[in-house]
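Here the structure comes first, spelled out in C-alpha cells, and everything after it is commentary.
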Amino acid sequence: MTHQLRALRYVRIGCADLKDAASFARDVIGLEATGGDDRTAYFRSDTRAYSLCLTTAEPAAAIGLSVSSVRDLEAIEQMMEARGFPCRRGAAVECAARRVKGYVACDAPNGVAVEFVWRPLENGWRCFPSRDTGIVDFQGVSMRCTDVSADERFWTELAGLTVSDWVGDTCYLRFDDAHHRIALHPSRSDGILAVTYQVEDLNNVMQMRYFADAHQIKIVHGPGRQPVSGQIFVTLEGPDDVLFTLGTGMRRAEETAGQPPRQFAHVPRSYCEWGSQSALPEYAGEV
Amino acid sequence: MELDMIELRDVVYCRLGTSDLEGAEWFATNVLGLEVSERRRGAVHFKSDGRDHTLCYFEGDPADQVTAFEISSSKELSAAATTLRELGHDIHYGSRDDCDARHVREFIRFRDPTGNAIELVVRPTQSGVRYHGNRDAGITGFSHVGFYSTDVERDEQFWTQVCNARVSDRIGDAPLMRLGAIHHSIALFPFSQPGIQHINHQVESTDDIQRSWNFIKDQQIDITFGPGRHPTSSAQFLYFRGPDDLTFEYSTGVREIDDEPAWRDRQFPFEPRGFCQWGAKPQIAAFKD
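As given, the protein sequences belong to chains A and B, one line each in that order.
Heads up: take any position in the first sequence, counting from 1, add 83, and you land on this note's numbering.
Heads up: take any position in the second sequence, counting from 1, add 237, and you land on this note's numbering.
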C-alpha cells in the first residue's frame with residue numbers, strides 16, 4: 084500500500100439511549116462532553132476535537148484513522164475497490180459530522196466502518212474532564228469478529244497494520260509506536276468490543292476499580308496486566324454492549340523492535356498475568 | 238541520671254505462639270510464601286530474606302507474641318537494660334538456650350508501656366543462603382510491625398524519646414515511625430489490649446501485590462484491606478487474615494525519608510482515605526473508628 088497511517092482518531096458507537104450512554108462516558112469514564120445534538124454526542128479525552136462519538140443513528144460502529152494527505156485517500160479508495168471493498172467518500176455534511184476535512188470509508192469484514200480521514204480537527208484548549216480519572220489519551224479499539232482471519236487479512240494486507248502478537252486467534256495490531264492500537268477477537272458476534280483510554284498510572288486504574296465497586300458498575304476484566312503488551316488495565320461494562328478499558332504502561336514498539344510476533348495460548352493467563360478472570364469468551368472466560 | 242537513647246537498628250523477627258503449629262506452617266509457606274529455615278521441637282522458623290529467620294511460630298498461647306529489634310553491641314544492650322530498668326520496666330536476660338533458639342548472640346526482653354513483649358538482640362545471625370519461597374510471591378523481606386497500643390501518645394513518647402524512632406506521619410493519633418530511611422518500621426494503633434496488629438513483608442512489585450490478591454482470594458482466605466495504596470508511605474499494599482486472626486500485609490514501593498532534618502510529619506484523617514488513596518475500605522478493626 085502507498086499510504087501511511089498517522090493516528091487513531093475516533094471511535095463511533097451506536098447507542099439505544101443517548102442520555103444513558105453519554106452519562107456513562109462523562110460521569111464514569113470521565114470524558115469531556117464536547118457538543119452534539121439530540122442524536123449524537125461527542126467526547127474528548129486529549130487534544131483531539133473528540134475521540135468518542137455516541138449516536139442513535141444507524142449504522143454507527145466506526146473507527147477513524149488519519150492519513151497525511153488527500154492523495155492517500157485516493158490511493159486507499161482505488162486499492163480497496165480493486166480488492167472488493169466498496170468505498171464511500173464523505174460528503175461535506177458527513178465530513179462536518181466527523182470533524183474532518185475529508186475521508187474515505189469502507190466496511191471491514193466484521194461490518195465496522197473503517198474511515199480513513201484527512202485533516203481531523205484538533206481542539207486548541209486543554210481537555211478538562213468532569214472527574215479526575217487521569218485519562219491522557221485515546222489508546223485503542225478492540226473488536227469482535229465472527230471471521231477473525233478475514234478481518235486480520237483486511238487490517239494487515241489492506242489497511243497496512245502489523246501483527247504484534249497473537250493469543251490464540253486474537254491478534255494485536257500496530258501501526259505506530261504503541262504495542263497495538265487495534266485488537267481483533269474471534270467472537271460469536273461482530274462489532275466493537277472495547278474502547279481503551281490511556282490513563283496516567285496505576286493509581287488511576289485502581290481508583291477506577293474502587294469507583295466501579297462503589298457505584299455498582301460491573302468490572303468484566305481486571306484489574307490486571309496484559310501479558311502481550313504489559314498494559315495494566317481495568318475493563319468496565321458500558322452501555323450498549325461496549326466495554327471501556329482504562330489502561331497504562333503499554334510497551335512501546337521500539338522496546339521490542341525487531342521482535343517477531345509471538346503466539347500465546349487462548350487461556351485466561353494469556354489475557355491477564357495478575358490472575359484476573361473474565362466471564363467473557365473473548366478473554367478466555369467460559370460463559 | 239542522663240539516660241542514653243536506645244538505638245534500634247531494625248526490626249528482626251517476630252515470635253508467635255499458636256495452638257495449631259501445622260496450620261501455621263501451612264499458611265506461612267503456602268499462602269504467605271515464606272521458607273522454612275529450621276524445625277525444632279514445637280517451633281518452626283521461617284526466612285523471608287538473607288537473615289537466619291524473620292518469623293517463628295511455636296506451640297503456645299496465641300497471646301504470646303514477641304517482636305525483636307537489633308541493637309548494635311553488647312555495651313549498648315547493657316545500657317538499654319539500665320535505661321529500661323530505671324524507667325520501671327522488668328528486664329529478662331535471655332539464657333544461652335534462648336539465644337541459641339533465636340540465633341542471636343544475646344538479648345533482653347521487656348514489655349513496652351502497653352504490654353507488648355519486645356526483645357532487643359545483639360548479632361542476629363545472617364543465613365548466608367538467599368531466600369527461596371514455596372511460591373512466587375516476590376517477597377524481598379520482613380519489613381515492619383504494627384502494634385496495638387492502649388495509649389498511643391504515651392507509647393509514641395516511649396518509642397521516640399526512650400528509643401530512637403521518629404514519627405514519619407500520623408493517621409489520626411496512630412504514629413508511623415521510622416528507624417532508618419524506610420517510612421516506617423513500627424506503627425501503633427489504638428486498641429484495648431496489647432498485641433501485634435500486623436506483620437509486613439515487602440514484595441518486589443505491583444505485579445506481586447496484584448497476583449497475591451487473586452491467589453489469596455482463590456484460597457478462600459479473607460482479604461481484609463486492599464489492594465490499595467497508602468497516602469502516607471506511598472506503598473501499595475494488601476492485608477489478609479492469617480493464623481490466630483493475626484493480619485499479614487504485603488507492600489511494595491515504600492517511600493524513603495532521606496532528608497532527616499527537613500522531614501515534617503504530616504497528619505492524615507483516621508478514615509479510609511487516610512489509609513488508602515485508591516478507594517479501598519479496611520475490614521480491619523484497628524483501622525476503623
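The beta-carbon is built from N, C-alpha and C at its ideal position, and this holds for glycine as well.
query	result
From A:Gln281, A:His349 and A:Arg308, residue whose alpha carbon lies closest to that of A:Leu114	A:Gln281
Cβ pair B:Val303, B:Cys251 closer than 8 angstroms	yes
Test: B:Ala517 CB closer than 8 angstroms to a CB of chain A	yes
Neighbour flag for B:Asp444 against chain A, beta carbons, 8 angstroms	yes
For A:Lys184, the first and last residue of its enclosing beta strand (DSSP E)	Val183 to Asp190
In DSSP terms, what B:Val440 is bridged to	B:Ile376
Cβ contact (3+ pairs, closer than 8 angstroms) linking the segment 350-358 of chain B and the segment 386-401 of chain B	yes
Whole-angstrom distance between B:Gly375 and B:His369, CA atom to CA atom	10 angstroms
Cβ-Cβ distance between A:Val278 and A:Ile315 below 8 angstroms	no
Helix, strand or coil at A:Ser247 [DSSP, three-state]	strand
Within chain B, partners of A:Phe294 - CB distance below 7 angstroms	Gly516
Sequence-distant residues of the same chain with beta carbon closer than 8 angstroms to B:Trp446, five excluded per side	According to the sequence provided, residue 446 of chain B is Ile. The question's Trp does not apply to it. The residues are Val440, Gly463, Pro464, Gln473, Phe474, Leu475, Tyr487, Ser488 and Thr489.
Buried versus exposed, by CB contacts within 10 Å (16 or more), A:Ser272	exposed
Reference A:Asp190; option with closest CA among A:Tyr133, A:Arg171, A:Arg202 and A:Ala175	A:Arg171
Under 9 angstroms (Cβ pairs) to chain B, residues found in the segment 300-315 of chain A	Pro306, Gly307, Arg308 and Ile315
Rounded C-alpha distance that separates B:Gln434 from B:Arg346	19 angstroms
Alpha helix (DSSP H) segment containing A:Ser353, residue limits	Pro351 to Tyr354
The segment 315-327 of chain A contacting the segment 257-271 of chain A, beta-carbon criterion three pairs below 8 angstroms	no
Proximal chain A residues relative to B:Pro498, where beta-carbon distance stays under 9 angstroms	In chain order: nothing, as chain A lies at least about 30 angstroms away.
Own chain residues within Cβ distance below 6 angstroms of A:Ser134, not counting five before or after	Tyr93, Ser128 and Phe221
B:Phe264 at chain A interface by Cβ criterion, 8 angstroms	no
Under the three-state DSSP convention, the category B:Leu416 falls into	coil
Span of the alpha helix (DSSP H) around B:Tyr487	Premise fails: B:Tyr487 lies in the beta strand (DSSP E), Thr484 to Thr489, not in any alpha helix (DSSP H).
Cutoff 8 angstroms; reference B:Met414; Cβ partners in own chain excluding five residues on either side	Glu393, Trp396, Thr397, Ala402, Arg403, Val404, Ser405, His421, Ser422, Ile423, Ala424 and Leu425
Closer than 8 angstroms to chain B by CB, A:Met333	no
From A:Phe107, A:Arg131, A:Ser312 and A:Ser149, residue whose alpha carbon lies closest to that of A:Thr331	A:Ser312
Within chain A, partners of B:Asn451 - CB distance below 7 angstroms	Trp357, Gly358 and Ser359
Residue ranges of each alpha helix (DSSP H) within the segment 200-240 of chain A, 4 or longer	231-236
Near-chain A residues of the segment 462-482 of chain B - C-beta to any C-beta below 8 angstroms	Pro464, Gly465, Arg466 and Gln473
Boundaries (first-last residue) of the alpha helix (DSSP H) holding B:Cys336	Arg333 to Arg339
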